[in-house]
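Respectively, the protein sequence lines represent chains A and B.
For the first sequence, position 695 (counting from the first letter as 1) is numbered 872 according to the numbering used here, and the numbering increases by one without interruption.
For the second sequence, position 51 (counting from the first letter as 1) is numbered 894 according to the numbering used here, and the numbering increases by one without interruption.
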Amino acid sequence: MATWGKRAAAALLAAVMALGLTACGGKGSVEPLSGTVYVPEFLDFDMDELGVQYVNAGCCDGTYVYILAEVMDEVEATDPFTGDTYMSYESAPAIFRLDLETRETVRLDAFTPAGQEDQETEPGQERYSYVESISVDGQGDLWVTETSEVYIYDVPEDFDPETDFLWNYEMVDHQSGRLRRKLDSTGAEISRVDTSGMRAALGMEDKDGYVGETVMDSDGCFYVFVETYTDSGYDTKIVVLDAEMEKLFELDTRENWGNLVALGDGAVGMSLYSYDQLTGEGGQVLQIIDKEKQDWGEEYPMPVNAGGVYPGNSKYLFYYDNGDSLYGYDSKTEEGTKILTWSGANINRGDISFFTLLEDGRIAALTTNWGENGMEAEVALLTETDASVLADKTILTYATMYLGYDVRQRIIEFNKSQTKYRIEIKDYSEFNTADDYNAGLTKLNTEIIAGQVPDILDVNGLPIAQYGSRGLLEDLWPYIESDDELGGREGLMTHVLETAGQNGALYQLFNSFTIRTAVGDADVVGESMSWSLEDLQNALDTMPEGCAIFSDSDTKEYMLQNVMAMQMDTFVDWSTGECSFDSRDFIALLEFCNSFPLKYDWRSRDPYEYDDELTRVSEGRQLLCLETVYDFQYHQVQEYIFGGPVTYVGYPREDGGVGSSFEISGGLAMSTACEDKEAAWTFIRETVLPQSTPEDEYFYFNGWGFPVNRQDFDRMAQQYMTPNYQLDETGQPMLDENGQPIEMSQGGIGWGNGQMVDLYATTQEQYDQIMALYESIDSIYSYDESVYSIVHSVALRYFNGDLTVQQAADQIQSRVKIYVNENL
Amino acid sequence: MSMKISENKVNSQNGAGTGSSAPLPPELRRQRRRDTLKSMCFLGPSVIGVTVFFILPFLVVLYYSVIRSPINPEFVFLDNFKAVLGNYAFQTAAKNTAVFSLTAVPLAVVLSLALAMVLECRIPCKSWFRTFFLSPMMVPVASVVLIWQVVFHQNGTLNNLVTTLGGTAVDWLNSPWCQVVVILLFLWKNLGYNMILFMAALNNIPKELLEVADVEGAGAAHKFFKIKLRYLSPTVLFVAILSIINSFKVFREIHLLVGDHPYEGLYMMQHFMNNTFARFDYQKMAAAAILMAMAMIVLIALLFWVEDAFGKDVEG
């Protein structure tokens, strides 16, 4: 009985354990979010209706949002020749007030820019004024900082501005003025402080340096960032002036200075990267400028990736960005509290012009971005709401180690357009620390192991090959094949996708690619797109004495990195674990890299001597150019450099393969644990959807390199291949003496020595050559960091003469083989 | 005979607890319950600690070793074990660890015993020697590694000596010599402590037996194998187990010397464990851990058997 009791207890323990593990494996992607979210309400601010050309800045006092903008005012003008009057448009600064309760927007008509109300422009003068910033104080009064510039030209006495132009004459003087004005809620001036004397107070003239950011504390003192020119470069310091512009003290900026910011307690601080040379410890901090001690004060530590720092208020000392999130900093706990994730509120952090946390917990934000029709501005009012409002949406988690502007915008637009799905961004770079820059990746991996697998992964910076081989990622081919709108496999540039795949599966989808290759004169290197080291040596033998293979600044290490990036996989079989780093082919590559200089001595070059690839190739000092092929036209530049037909010969490879590679970035992957794969695919497929540019408009590919979407690829090719002809007055092409239409240049590329090549439409032959290169490539330009680290460490010892090439190859083989087999 | 006694004891205990005999008085029952409760209170923390920190983690490892992956927890039974056993990295690690342990542990036992016996003799400066052999225990690992790097680097002290004498420099840590370097390191660090243990054990051998052996004309070898070694066998077992454990812990020094992926000969089992853990390949790691635990159990059982066979007649 006792034995049975023990067995039962053991079984129970095991069952409890198993249950616990089952819970770990649970998936939360379709569960509603817990906590709160900020729900945006976009207020009506019709720029067209208000005549706004663009928005400069804004502020909010909790009742009104004030927007500083540039408007086109209609003014009456007179034709100097006929004397007729007509309506013209003139750009002028204006302030708008948006009532958060009534949602009404009015222009503050009582506001007149400072430079325009009290001074007349005299002949020979050019006067500009603009409003730099706007803020609102606790009493609801506005503060604007305005700058006026006056340029004085040496014009003759009979100068007539109606028939002559100022820029025909020499500018003899430049005056600038600066004002801080206090305005009431209608825009009328209450008072002003002339800060023009700031340079004088700083003891500086224009030529002495640059006066930068200026921030005021609660006592009205100015904290000015100043850069002064010195013989050896420049010095930077903070100068503190009182309200009467009298200098109080100055501080040398510490190393790695950042921005000045007004703090919630009325003081001013500066964000900077603090580093202690004794301990070797460092990190991002905000350091107070202590006015009493006239010295640097207390340091407040921030996360290593903390970005922009914003003024504080009564609740938080200051605010800062970390990844896509906004944090409020508490000086007591010396920790940040996450306020919100901008993309979660459908706002692109890169578009924010200003934001204010209101007393009632709401956030007012002004966003601006440049769209197809000029600047677009939105005023958003974010209200903290229980996350259950999103309960009817499928939540997809998007894991990233770096969130760029474009991806953030795509996600926001996706979230705005979808009624069923919503993407929540999890930026793991927020978890990096000064001690461990991979802490974010470690956290992601730990969460994956614990069963909290993201639905969509931005593969940049992630071990995609390992994830794929562990069965973590979904093969995207079946999704592509069943997507009629994409056109299945045929709708995409299949070859590059197949090359990027693993064992026939495609784990990431990217929207563009480029080609890394080496280009040479076809007469010298031949016409084959692959060659061996012996072929290379033979080609080199035909060149003048002292000819370098690539640039004379290429070093052993640089070549090793390139060779490994292009050819590492030819020495590793990741499916069987077999390696051939001790083969004759690899030894030959090591010897090839070793033929380059160990280090390039920049001091040996005459800094005034002009030297570039064009010069070196034309003088027979360089055999090949390392190139990234990113469009159909650059081929002409190569032909110009080499003075005739070129061959994309690539790096030498001993196995007969092609020494050129595809280079890709920005791929998206879907995890196998994703519960709503249809939803994830809805977002991922947008990566390769054709662009919506109309047929009759210029096709500008929104990406770097060649499009992966075949339709876009073909449109790009067609556009490059379509010649522009000189047209006569009837719109017909003009003909040359041979009766052929005269083709116009589509642009050109110049060199520092004045040489320039005009670029024309890509010929069918040039197109075919690039397509032949595309079809021949069988590798991706990437390498396993760990393998490279082993190869690099051993190869360096060979390059330094500590090992023979055979010893180096044996050691690399021994160490890499173990690593590769660990990964099987 | 002893069997019968124990059976009787069991019977008498059972008899007391069954209905065939008179039930225990309520006071005695309460007393027993209180005793049980008290003993559970004393045992509880240990039981909980062992459960949480040993049994449950072991069960987790067991679970991980029989599933496909944490994301796809499909039961695969022995597939992970088959994969690990066929894996070149695991085979290399297992072979190196076995070679190292089978070489370093016997050397550590034999040499430390020899040293202890030498220091038992009447030699001058005994205490100096004792201190000398114990001193490596006081040196921090980082310093030990630094010394070894200075000595065994390709441009290090030893190679300078070798080339001065007309030899060819050897890349000690990246050649088949690498295990010799680490065995030397292991012995240098561990001999002193083992030696002290043996010296204590040698002092405990009954002097009368040795005197009788002397009187009866026994030789030194006879006395050593027939008397001393028998009395030393528990210490030999203890030192051997300690050395086996230390031989696994030599990874720390190796890792500091040559990193995650050293030359093949220095790739130990803990390299395999650490690296697979770092890549979150828990299935492979779990299967390897269980295989290693089984090997350890067999090895230690073997040692106990040997000790039992050799030393049972001298143990009390």
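Think of the CB as a built atom: it goes at the ideal place given N, C-alpha and C, for glycine as much as any other residue.
Asked                                                                                                                : Found
Residue from A:G500, A:S646, A:L634, A:Q685 whose Cα sits closest to the Cα of A:Y656                                : A:Q685
A:H1015 in three-state terms, based on DSSP                                                                          : With chain A covering only 178 through 1001, there is no way to say anything about residue 1015 of chain A.
Three-state class that DSSP yields for A:I311 in the structure shown                                                 : strand
Cβ shell of B:M1139 (< 7 Å), same chain only, five flanking positions each side left out                             : none
DSSP three-state assignment for A:V584, whether helix, strand or coil                                                : helix
Chain A contact residues for B:I1014, given Cβ-Cβ distances below 9 Å                                                : One point to set straight first is that residue 1014 of chain B is Asp, not Ile, in the sequence displayed. The contacting residues are R974, D979, L980, Q984, Q988.
A:A554 burial status per 10 Å Cβ neighbour count (16 or more: buried)                                                : buried
Start-to-end residues for the alpha helix (DSSP H) that takes in B:A985                                              : 984-995
Span separating the alpha-carbon of B:V890 from that of B:M1135                                                      : 25 Å
Proximity to A:T430 [Cα-Cα], best of A:S448, A:D286, A:E804, A:E840                                                  : A:S448
Whole-number beta carbon distance between A:V806 and A:T694, since they are thought to touch under 8 Å               : 6 Å
Short CB-CB distance (under 9 Å) between A:A616 and chain B                                                          : no
Exposed unless 16 or more other CB atoms sit within 10 angstroms - verdict on A:T282                                 : buried
Contact residues within the segment 844-859 of chain A, judged by C-beta distance below 7 Å to chain B               : T849, A850
Assumed close pair A:D935, A:G927 - CB separation to whole angstroms, cut-off 8 Å                                    : In fact, because the Cβ distance is near 10 Å, the residues do not count as touching under 8 Å.
Bounding residues of the alpha helix (DSSP H) (the contiguous stretch that carries B:G1035)                          : 1021-1046
Assigned exposure category for B:C884 - 16 Cβ within 10 Å defines buried                                             : exposed
Test: A:S705 CB closer than 9 Å to a CB of chain B                                                                   : no
Residue burial classification, A:E607 (beta-carbon count within 10 angstroms, cutoff 16)                             : buried
B:I1140 (DSSP reduced to helix, strand or coil)                                                                      : helix
C-beta contact flag for A:S795 and A:G820 at 9 Å                                                                     : yes
Cβ shell of B:V1141 (< 8 Å), same chain only, five flanking positions each side left out                             : none
Neighbour flag for B:R1122 against chain A, beta carbons, 9 Å                                                        : yes
is_contact[A:T405, chain B] using C-beta, thresh 9 Å                                                                 : no
Local Cβ density within 10 Å of A:E667, reported as buried at 16 or more and exposed below that                      : exposed
Under 9 Å between C-beta atoms of A:N490 and A:G441                                                                  : yes
DSSP bridge partner residues for B:I1084 (one or two, in chain order)                                                : Per DSSP, none; premise fails for B:I1084.
Element boundaries [alpha helix (DSSP H), containing B:T1007]                                                        : 1000-1007
Residue-chain proximity (B:H1098, chain A), Cβ-Cβ < 9 Å                                                              : no
Listed by chain order, chain B residues near A:Q643 by CB distance under 7 Å                                         : R1122
Straight-line gap, A:G648 to B:A947 (C-alpha atoms, nearest Å)                                                       : 41 Å
Proximity test, Cβ basis, 9 Å: A:S963 and chain B                                                                    : yes
Through-space distance from B:I1039 to B:M981, alpha-carbon basis                                                    : 15 Å
When A:G410, A:R830, A:Y305, A:A287 are compared against A:N739, the one with the closest alpha-carbon               : A:R830
Near-chain A residues of the segment 921-944 of chain B (beta-carbon distance less than 7 Å), N- to C-terminal order : N930, Y931, A932, T935
Cross-chain neighbours of A:Y996 in chain B, by beta carbon under 7 Å                                                : H1104
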